[in-house]
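Residue numbers for the sequence shown follow the numbering used here, beginning at 249 and rising by one.
Notes follow once the structure below has been shown.
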Amino acid sequence: MKAMEVREPAVAGLFYTNDPDELREGVDALLADARVASNETVPKALVVPHAGFMYSGPIAASAFARVRGAAIERVVLVGPSHRVFLNGLAAPSARFMRTPLGDVAIDHDALDRAGVPRDDAAHAREHSLEVELPFLQRVLPRARVCPIACGRATPDEVARVIEALFGGPETLVVISSDLSHYLPYAEGRAKDERTAQKILALDPNLDGEEACGYVGLRGMMIVAKKKRMTCRLLDLRSSGDAFAPRVREDSVVGYGAFALEMPS
Numbered sequence: 249m250k251a252m253e254v255r256e257p258a259v260a261g262l263f264y265t266n267d268p269d270e271l272r273e274g275v276d277a278l279l280a281d282a283r284v285a286s287n288e289t290v291p292k293a294l295v296v297p298h299a300g301f302m303y304s305g306p307i308a309a310s311a312f313a314r315v316r317g318a319a320i321e322r323v324v325l326v327g328p329s330h331r332v333f334l335n336g337l338a339a340p341s342a343r344f345m346r347t348p349l350g351d352v353a354i355d356h357d358a359l360d361r362a363g364v365p366r367d368d369a370a371h372a373r374e375h376s377l378e379v380e381l382p383f384l385q386r387v388l389p390r391a392r393v394c395p396i397a398c399g400r401a402t403p404d405e406v407a408r409v410i411e412a413l414f415g416g417p418e419t420l421v422v423i424s425s426d427l428s429h430y431l432p433y434a435e436g437r438a439k440d441e442r443t444a445q446k447i448l449a450l451d452p453n454l455d456g457e458e459a460c461g462y463v464g465l466r467g468m469m470i471v472a473k474k475k476r477m478t479c480r481l482l483d484l485r486s487s488g489d490a491f492a493p494r495v496r497e498d499s500v501v502g503y504g505a506f507a508l509e510m511p512s
């Protein structure tokens, strides 16, 4: 079967606008609202949510703003496979991933060196990686991506792939994950605060009730602890915080943003 040239967007017009000008202006506005100190260290890894921009966009922007204009050439993008059962990890066969802002090149050489197999079905309708791309296109417009969908995989399997792609300052790792799902507002907030403490402690003992991207997170926590990285909480909110007054307080989804840094 001939490999795809381009992985077309699956959720443009749903999770974010499919109008290029509106998308560019919207992402730039979210990034502009993120507060970043001038002396902050560029993170080596980020944990970001992947919901519709109206819900999780500000939280994601608080992380992506910290790498804007950095000398990063490759982004290892790891997220859960929501729609297709996947045994292990997989990248798409396409050479590019497309959004309304244009195409992002996929670094297949790096993926091949890391031994990541291809599975186009796992990527065709998956939103967890796609929704991070408009942010990356605005903060790191020349970076290539290594998009990796995670299915049933052990923490060590994920950690091995992240380590194989880890590189130096030229590489950023982005773990895409929402937190708790469909709990009452206060209960979800309390659960997310506990989960955030585990992530800050680089604790790999996470499960799907705490974070839908737990498979990628567990692998990242193993690598981070091995490399003596430190983790900072940047933002912690839920879909219930997206509008004032709060709506659907009986069923919210949690979102967190974290920055992981190498030891100095």
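Built from N, CA and C at the ideal position, the CB exists for glycine as well.
Query                                                                                            : Result
Burial state of Glu-517, where buried means 16 or more other Cβ atoms lie within 10 Å            : Only positions 249 to 512 of the chain appear in the structure, and residue 517 is not among them; the question remains open.
Supposed close pair Ala-391, Arg-437 - CB separation, criterion 8 Å                              : About 34 Å separates the two Cβ atoms, so there is no contact after all.
8 Å CB neighbourhood of Asn-266 in its chain, flanking five on each side removed                 : Pro-257, Ala-260, Pro-348
Alpha-carbon spacing of Pro-511 relative to Glu-405, whole angstroms                             : 24 Å
For Met-206, the residue or residues it bridges with in DSSP                                     : Only positions 249 to 512 of the chain appear in this structure, which leaves residue 206 out of reach.
Enclosing alpha helix (DSSP H) for Ile-423 [first to last residue]                               : No alpha helix (DSSP H) contains Ile-423, which is instead part of the beta strand (DSSP E) from 419-424.
Arg-366 - partner residues in DSSP beta bridges                                                  : Ala-339
Ala-293 in three-state terms, based on DSSP                                                      : strand
Where the beta strand (DSSP E) containing Pro-395 begins and where it ends                       : 392-398
Endpoints, alpha helix (DSSP H) assigned at Asp-483                                              : Run containing Asp-483: none in the alpha helix (DSSP H); it sits in the beta strand (DSSP E), 478-486.
Contact test: Ser-499 Cβ vs the ligand GTP heavy atom, cutoff 7 Å                                : Among the components of this structure there are no ligands whatsoever, and the ligand GTP is therefore not found.
Cβ neighbour criterion (16 or more within 10 Å) applied to Phe-491                               : exposed
The alpha helix (DSSP H) enclosing Arg-316, as first and last residue numbers                    : Unbroken run through Arg-316: none, as it is neither H nor E.
Whole-Å CB distance - Gly-461 paired with Gly-327, under 8 Å assumed                             : 6 Å
For Glu-435, the first and last residue of its enclosing alpha helix (DSSP H)                    : 433-448
Contact check, Ser-478 vs Glu-457, beta carbons under 8 Å                                        : Position check: residue 478 holds Thr in this sequence, whereas Ser was assumed. Contact: no.
Rounded distance between the beta-carbons of Gly-488 and Val-500, thought under 8 Å              : 4 Å
Cβ-based neighbour list, Pro-297, same chain, cut-off 6 Å, excluding 5 preceding and 5 following : Ser-304, Ile-307, Ala-308, Asp-426, Tyr-503
Counterpart residues of Pro-328 in DSSP-defined beta bridges                                     : Cys-398
The segment 367-376 in contact with the segment 323-343 per 3-pair CB rule at 8 Å                : yes
Distance CB(Ile-396)-CB(Ala-459) smaller than 8 Å                                                : no
Whole-angstrom distance between Ile-410 and Lys-250, CA atom to CA atom                          : Residue placement at Lys-250 is flagged as unreliable, the pLDDT there being 47, under the threshold of 50; the coordinate-derived value follows with that caveat. For Lys-250 and Ile-410, the distance between alpha carbons rounds to 28 Å.
According to DSSP, residues forming a beta bridge with His-298                                   : Paired residue(s): none; His-298 is not in a bridge.
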